[in-house]
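Sequence order for the protein chains is A and B.
With the first letter of the first sequence counted as 1, position 197 gets the number 196 in numbering that gives the first Met the number 0; the numbers rise by one all the way through.
With the first letter of the second sequence counted as 1, position 44 gets the number 43 in numbering that gives the first Met the number 0; the numbers rise by one all the way through.
Report on one structure; see the data block that follows.
Protein chains: 2
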Amino acid sequence: MSHDEEVTRQMASRIAQHRDRFQDLFQRYFAQLHATADAPELSRFAPECLRMVEELALRGGKRQRVAFAYEAANLTPGGTTTEKAVDIAALSIELLQAHLLIHDDIIDNAATRRGGPSTYYAYRDKLPGHPQHALGLAVLAGDLALVLSQQVIADAGLEPWLAQTMMTLQNKASLSTFVGQVFDLERDFLGVPDEELLHSVCDYKAARSSALAPLQLGLLAAEQDPKEHEPALRRYATSFGISGQMRDDYLSLFGSEEVTGKPATADVADGRVTYLIRRTLLAASDSERKLLASVLGQAGATETDVDTVREIVTAHGADQSLLADMRRFAELASTEAEQWASWAEADAVAFFRDVPVWGVQRLL
Amino acid sequence: MSHDEEVTRQMASRIAQHRDRFQDLFQRYFAQLHATADAPELSRFAPECLRMVEELALRGGKRQRVAFAYEAANLTPGGTTTEKAVDIAALSIELLQAHLLIHDDIIDNAATRRGGPSTYYAYRDKLPGHPQHALGLAVLAGDLALVLSQQVIADAGLEPWLAQTMMTLQNKASLSTFVGQVFDLERDFLGVPDEELLHSVCDYKAARSSALAPLQLGLLAAEQDPKEHEPALRRYATSFGISGQMRDDYLSLFGSEEVTGKPATADVADGRVTYLIRRTLLAASDSERKLLASVLGQAGATETDVDTVREIVTAHGADQSLLADMRRFAELASTEAEQWASWAEADAVAFFRDVPVWGVQRLL
Chain A
0 MSHDEEVTRQ MASRIAQHRD RFQDLFQRYF AQLHATADAP ELSRFAPECL
50 RMVEELALRG GKRQRVAFAY EAANLTPGGT TTEKAVDIAA LSIELLQAHL
100 LIHDDIIDNA ATRRGGPSTY YAYRDKLPGH PQHALGLAVL AGDLALVLSQ
150 QVIADAGLEP WLAQTMMTLQ NKASLSTFVG QVFDLERDFL GVPDEELLHS
200 VCDYKAARSS ALAPLQLGLL AAEQDPKEHE PALRRYATSF GISGQMRDDY
250 LSLFGSEEVT GKPATADVAD GRVTYLIRRT LLAASDSERK LLASVLGQAG
300 ATETDVDTVR EIVTAHGADQ SLLADMRRFA ELASTEAEQW ASWAEADAVA
350 FFRDVPVWGV QRLL
Chain B
0 MSHDEEVTRQ MASRIAQHRD RFQDLFQRYF AQLHATADAP ELSRFAPECL
50 RMVEELALRG GKRQRVAFAY EAANLTPGGT TTEKAVDIAA LSIELLQAHL
100 LIHDDIIDNA ATRRGGPSTY YAYRDKLPGH PQHALGLAVL AGDLALVLSQ
150 QVIADAGLEP WLAQTMMTLQ NKASLSTFVG QVFDLERDFL GVPDEELLHS
200 VCDYKAARSS ALAPLQLGLL AAEQDPKEHE PALRRYATSF GISGQMRDDY
250 LSLFGSEEVT GKPATADVAD GRVTYLIRRT LLAASDSERK LLASVLGQAG
300 ATETDVDTVR EIVTAHGADQ SLLADMRRFA ELASTEAEQW ASWAEADAVA
350 FFRDVPVWGV QRLL
């Protein structure tokens, strides 16, 4: 077994432990919520809407964000981590994530998520012939999850300063993500964008809510001020985020549906100019570019269309250059984490040093 | 001038004072937000999204919710109202309202709001040929407003316990409203509902965020515990809310577009079973019911269709019976407010006693 494979194996086991602990907590949270939620007696749809949020939220995958929060809480020597505070942070992080996914699938008109139906399409299936009602209910399910991600902090009985600081961090992560989503939609009107622009979209849309906020919340749960390490955390989160986005862009074309939770045809039909497609478009000949234009963004893309795109991508080595850059950004994150040894516990530092390698190794 | 007319005149002036004070504050809030918002330099859509929220938010009407908060802060003798706390509450209330309207117009596929385009349709006009992008941007504008309604409290430098309690009240108001909106959509699958069910929808969907929360937040800004008066505040908010909903249902058919901010044809096309339509359906003959069914809920309803509905409504006196009940619920609210004289300042009590009459008098 190579060193990287060994790191990946150990990391997978460590992350799985956090995930299992969290999954149990998350199930209990929803059980409690169903028991105490204030809904009109006569309504069947209201409790169902909460179940739709629950169904997507519990259908989580690796829970990388949760692992980040738990490990960040162990970064500081002498930090007085309260287990409760970091549990609450983890719940809030995953509820916010559920919100982001539910609305993202409305924005992208996406049918599948995490290997099952998106909330929007689950509602369309439940209410055949009523797509406008399905849309409305999915919008509301997402809104519900967003407010729950706040209220879980407020209800926890944490010290008021801690609760307020956590809520503010989550609000800032939400606002950044919305801005990133808006920017992401704007891309479709900008032709073939610079890579700098894709980095910026990725930073706002993914890195802040998926890496930066979990790091900050974990530190805060250990009663450490995350502002003390703000630039370092940001550098780490941005590199980790870009590396992960490059992996996702690669997998969307070359990964199995089992791994990505959605068919490759969906991404070709979506037609967004990803890191991978951008490189390919720049390298392609005129005739290849015409061929790509005839396939990308067309509803009803087929497996043959996906193969066409794959062929042009690999002919120009765009896949290999992307994988190389993905590893480069993962290494940038690792190198950043190594610097934390001056102020942080070695075991938690090792986690953040190794997790980017795990991120790019797995599933390839 | 009759007594009611005199009350209405005084109330309109008192509410206008609150509104003018607030409008200035709200404009300064957005100016500050534009100056400090964190958005990628390269994005034109991100600042525009914020402007879309601003445009709808500042296009507010009478600001009844704001008046409720300011007046509630003056209810308690010896209450130490900080002007700042009640200003912050008012900003949060109107930002939450902007969120609710932006998403409600997506849910209802509504083109007009407050006498102008809904955010959804404003985006459709901006991006012709890209309805899916317009939908996505409108969803995100609404999400943005929801988080801003929280963050304006967190950023204000209030005492942490006060900030946290305010946020929790706003979260509970949001959750109730979402539940009410879900219940409202469910109605379309329930045939002709009982009036009790309509009361429940109205309570969840409107009364809690538009009357109860502003009352609670105003009291809280004066450092009074709103829980002490919870049942009284709830009774008041529910009666006031039902009275207001009955007025809106009446106006949607018999009011001028200038007053309602949307054409009567839109409501007929929407086809929801309102208080008014429910009464009419129950009283109608078989042939009238068929006629109503052929018109209500049909896209592209015409002025002639609206006239058809109006004729059947008035033939059975459903309009008059609704107006009588609207006044009855307004009087219930007034009577409730009169009881508050035992613990509250006379001048603020007079406001809450008289405002339901203002609510039903104006615009009829």
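Each residue gets a CB set at the ideal place from its N, CA and C atoms; glycine is no exception.
Within 8 Å, strictly: CB atoms of residue i and residue j
| i | j | result |
| --- | --- | --- |
| residue 333 of chain A | residue 356 of chain A | yes |
| residue 92 of chain A | residue 68 of chain A | yes |
| residue 325 of chain A | residue 246 of chain A | yes |
| residue 81 of chain A | residue 220 of chain A | yes |
| residue 240 of chain B | residue 209 of chain B | yes |
| residue 340 of chain A | residue 315 of chain A | no |
| residue 168 of chain A | residue 96 of chain A | no |
| residue 170 of chain A | residue 9 of chain B | no |
| residue 74 of chain A | residue 347 of chain A | yes |
| residue 378 of chain B | residue 26 of chain B | In the structure as shown, chain B starts at 0 and stops at 363, and residue 378 of chain B therefore has no counterpart that could be examined. |
| residue 55 of chain A | residue 118 of chain A | yes |
| residue 157 of chain B | residue 109 of chain B | no |
| residue 290 of chain B | residue 267 of chain B | no |
| residue 138 of chain B | residue 138 of chain A | yes |
| residue 231 of chain A | residue 335 of chain A | yes |
| residue 147 of chain A | residue 94 of chain A | yes |
| residue 160 of chain B | residue 116 of chain A | no |
| residue 121 of chain B | residue 51 of chain B | yes |
| residue 312 of chain B | residue 252 of chain B | yes |
Identified DSSP bridge partners for residue i
| i | result |
| --- | --- |
| residue 111 of chain B | B/116 |
Residues near residue i by beta carbon distance below 6 Å, same chain, minus five either side
| i | result |
| --- | --- |
| residue 199 of chain B | none |
| residue 236 of chain A | 206, 210, 211 |
| residue 18 of chain A | 62 |
| residue 114 of chain B | 260 |
| residue 349 of chain B | none |
Nonlocal neighbours in the same chain, by C-beta distance under 7 Å from residue i, ignoring five residues either side
| i | result |
| --- | --- |
| residue 363 of chain B | Residue confidence is low: residue 363 of chain B scores 49 on pLDDT, short of 50, so the model does not pin down where it sits. Its coordinate-derived value is still stated next. Nothing meets the Cβ criterion. |
| residue 53 of chain A | 29 |
| residue 317 of chain A | 275, 278, 279, 282 |
| residue 242 of chain A | 325, 328, 329, 332, 355, 358, 359 |
| residue 190 of chain A | none |
| residue 301 of chain B | 264 |
Contacts around residue i, its chain only, beta-carbon distance under 8 Å, and the 5 residues preceding and following it disregarded
| i | result |
| --- | --- |
| residue 153 of chain A | 162, 166 |
| residue 24 of chain A | 86, 89, 90 |
| residue 39 of chain A | 45 |
| residue 192 of chain A | 186, 272, 277 |
| residue 299 of chain B | 268 |
| residue 224 of chain A | 218 |
Proximal chain E residues relative to residue i, where beta-carbon distance stays under 7 Å
| i | result |
| --- | --- |
| residue 196 of chain B | Checking the listed chains, one finds no chain E in this structure; the protein chains it contains are A and B. |
Counting Cβ pairs, one atom from each stretch, are 3 or more of them under 8 Å apart for the stretch 195-212 of chain B and the stretch 170-180 of chain B? yes
Would you list, in chain order, the members of the stretch 329-348 of chain B that have their beta-carbon closer than 9 Å to a beta-carbon of chain A? none
To be precise: take each residue of the stretch 18-33 of chain B, compare its Cβ to all Cβ atoms of chain A, and keep it if any distance is under 7 Å. Which residues remain? none
Counting Cβ pairs closer than 8 Å, one from the stretch 260-270 of chain A and one from the stretch 303-312 of chain A, do we hit at least three? yes
May I ask you to list, following chain order, the residues of the stretch 150-174 of chain A that have a beta carbon less than 7 Å from some beta carbon of chain B? 150, 153, 159, 160, 162, 163, 166, 167, 170, 173, 174
How about the stretch 54-68 of chain B and the stretch 31-43 of chain B: do they share at least three Cβ pairs that are nearer than 8 Å? no
The stretch 268-276 of chain A contacting the stretch 123-130 of chain A, beta-carbon criterion three pairs below 8 Å: no
Stretch-stretch touch, CB-based, cutoff 8 Å, three pairs: the stretch 2-20 of chain B with the stretch 161-169 of chain A: no
If the cut-off is 7 Å on Cβ atoms, which residues from the stretch 233-247 of chain A count as contacting chain B, listed in chain order? none
Can you pull out the residues from the stretch 126-147 of chain B whose beta carbon lies closer than 9 Å to at least one beta carbon of chain A? 126, 129, 131, 132, 134, 135, 136, 138, 139, 140, 141, 142, 143, 145, 146, 147
Return the residues of the stretch 62-91 of chain A that lie within a Cβ-Cβ distance of less than 8 Å from chain B, sorted by chain order. none
Can at least three beta-carbon pairs, one atom from the stretch 96-110 of chain A and one from the stretch 138-158 of chain A, be found at a separation below 8 Å? yes
Would you list, in chain order, the members of the stretch 201-217 of chain A that have their beta-carbon closer than 7 Å to a beta-carbon of chain B? 203
Residues of the stretch 33-48 of chain B whose Cβ lies closer than 9 Å to any Cβ of chain A, in chain order: 36, 37, 38, 39, 40, 41, 42, 43, 44, 45, 47, 48
Could you say if the stretch 105-120 of chain B and the stretch 129-138 of chain A meet the contact criterion of at least three C-beta pairs nearer than 8 Å? yes
What residues in the stretch 278-311 of chain B bring their beta carbon closer than 7 Å to a beta carbon of chain A? none
Could you please tell me which residues of the stretch 101-116 of chain B, in chain order, have their CB closer than 8 Å to any CB of chain A? 102, 105, 106, 107, 108
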